[in-house]
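Okay, structure first, notes after.
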Amino acid sequence: MSTPACLPIRTPAQPLLAIEGLSVQLHDAQYNTSGISTPVRDLNLTLHAGETLGLIGESGSGKTLAMLAVMGLLPHAATAHGSVRFQGQQLLGASEQQLCALRGNSISMVFQEPMTALNPLQRVGDQVAEPLRLHQGLSKASARAQAIALLEQVGIADATQRWRDYPHQFSGGQRQRIAIASALACKPDLLIADEPTTALDCTVQAQILDLLHRLAASHNMAFILISHDLRLVARHVQQLAVFYAGQVVESGSTSAIFAQPAHPYTRTLLAARPHLGNMAHKPQPSHLANNPTQSAP
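End of the sequence shown = 302 in the working numbering, gap-free, step of one.
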């Protein structure tokens, strides 16, 4: 894969993605008397090539907003402060032209709902081929041939015929596979998957995550998975960051956090997993209503 000219050379010791002191503010008086809320506060994360990272935590804890800041896709009412470096390049404050050279090429994102991520008026094969034509300059015929190969790779049967179909002609699981094919078309260095299986049934969930994990490993991609499914997170990522109230309250290896969680929120989150034969309700501890601290009690 060719590297955009705007990217500096990255030394082997340099992380692929380095987030330092990232805060995201939303400016909307409708939801806050001061007109400003801070759903992401002082976030620090580091990811190297080939590593896998899971982001877990309740809805509204800042996981998706943090990754949208990385992609440069925050809503107009949001502003980001701090530092986000990808391959040594500062992304916060980068021009739209620089970000467009990265998105879909060096960094790709798979969104939660494929029906809104795919264009309903465009053939799926053309949508998968688009980043190949845009970033790699392939001819229409070459890009289409690679798009068909990608559709086959993600498990779309009879791809040589179905590339002409439109998103509404596929099931939810198939649409998510098409979105994955589009995200992986240029073999990005970083793949972000934002709850990619939430709308799918359990069998298809496992298939999609297995597919993402296998393809990311085969291309040595760094992989960030945002998910509420702790079972899938435990199976597919090496590192874990636990979000609560806009902050990362605990991070480390997935196995260590699952075996011995340190922060009270992490312990409560993991204890909420259903276990066969033990479905008794456990109330949330009162101290979780307070803002998180970095040190466990």
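Think of the CB as a built atom: it goes at the ideal place given N, C-alpha and C, for glycine as much as any other residue.
Look up residue i in the DSSP assignment and say whether it is helix, strand or coil.
{"i": "Tyr270", "result": "helix"}
{"i": "His241", "result": "helix"}
{"i": "Pro20", "result": "coil"}
{"i": "Ala310", "result": "The structure shown does not extend to residue 310, since the chain is modelled only from 6 through 302, so no value can be given for it."}
{"i": "Ala246", "result": "strand"}
{"i": "Ser311", "result": "Coverage of the chain is limited to positions 6 through 302, which leaves residue 311 absent and any answer about it impossible."}
{"i": "Ser66", "result": "coil"}
{"i": "His233", "result": "coil"}
{"i": "Val45", "result": "strand"}
Kindly give me the distance between the Cβ atoms of residue i and residue j, rounded to whole angstroms, as I take these residues to be in contact under 8 Å.
{"i": "Ala148", "j": "Leu137", "result": "4 Å"}
{"i": "Leu60", "j": "Lys68", "result": "4 Å"}
{"i": "Gln244", "j": "Glu63", "result": "Going by Cβ atoms, the distance from Gln244 to Glu63 rounds to 20 Å, so no, they are not a contact pair."}
{"i": "Gly98", "j": "Cys191", "result": "The Cβ separation is near 24 Å, so there is no contact."}
{"i": "His32", "j": "Gly26", "result": "Not quite, the Cβ-Cβ distance comes to about 20 Å (not below 8 Å), so this is no contact."}
Short of 8 Å in beta carbon distance, which residues of its chain neighbour residue i, apart from the five on each side in sequence? Order them along the chain.
{"i": "Ile213", "result": "Gly178, Gln181, Arg182, Ile185, Pro201, Thr202 and Leu205"}
{"i": "Leu70", "result": "Val29, Pro44, Val45, Leu79 and Ala83"}
{"i": "Ser258", "result": "Gln243, Gln244 and Leu245"}
Which residue from the options puts its Cα closest to that of residue i?
{"i": "Asn124", "options": "Ser187, Glu101, Ala99 and Gly98", "result": "Ser187"}
{"i": "Leu50", "options": "Leu126, Gln30, Val247 and Gln210", "result": "Val247"}
{"i": "Ser66", "options": "Leu97, Ser28 and Pro80", "result": "Ser28"}
{"i": "Ala164", "options": "Ala82, Val129, Ala264 and Gly62", "result": "Val129"}
{"i": "Ala198", "options": "Gly160, Ala162, Val238 and Pro44", "result": "Val238"}
{"i": "Pro44", "options": "Phe228, Gly251 and Ile262", "result": "Gly251"}
{"i": "Pro279", "options": "Leu235, Gln243, Arg240 and Ala264", "result": "Leu235"}
{"i": "Leu104", "options": "Pro269, His140 and Arg219", "result": "His140"}
{"i": "Arg240", "options": "Asn225, His224, Met226 and Leu217", "result": "Leu217"}
{"i": "Trp168", "options": "Ala134, Leu195, Leu143 and Asp194", "result": "Ala134"}
{"i": "Arg90", "options": "Gln265, Ile112 and Met120", "result": "Ile112"}
{"i": "Ser176", "options": "Gln95, Glu118 and Ser144", "result": "Glu118"}
Enumerate in chain order the residues of its own chain whose CB-to-CB distance from residue i is below 7 Å, with the five nearest sequence positions on each side excluded.
{"i": "Pro20", "result": "Thr51, Leu52 and His53"}
{"i": "Arg46", "result": "Ser28, Gly251 and Gln252"}
{"i": "Ala157", "result": "Per the sequence shown, residue 157 should be read as Glu rather than Ala. Cβ within range, chain order: Ala164."}
{"i": "His86", "result": "Ser28"}
Which partner residues of residue i appear in the DSSP bridge assignment?
{"i": "Val254", "result": "Bridge partners of Val254: none, in fact."}
{"i": "Met114", "result": "Ile197"}
{"i": "Ala227", "result": "Leu195"}
{"i": "Val89", "result": "Ile24"}
{"i": "Arg108", "result": "Ile112"}
By Cβ distance, which residues of its chain are closer than 6 Å to residue i, with the 5 residues on each side in sequence left out?
{"i": "Val115", "result": "Ala184, Ile185, Ala188, Ala198 and Pro201"}
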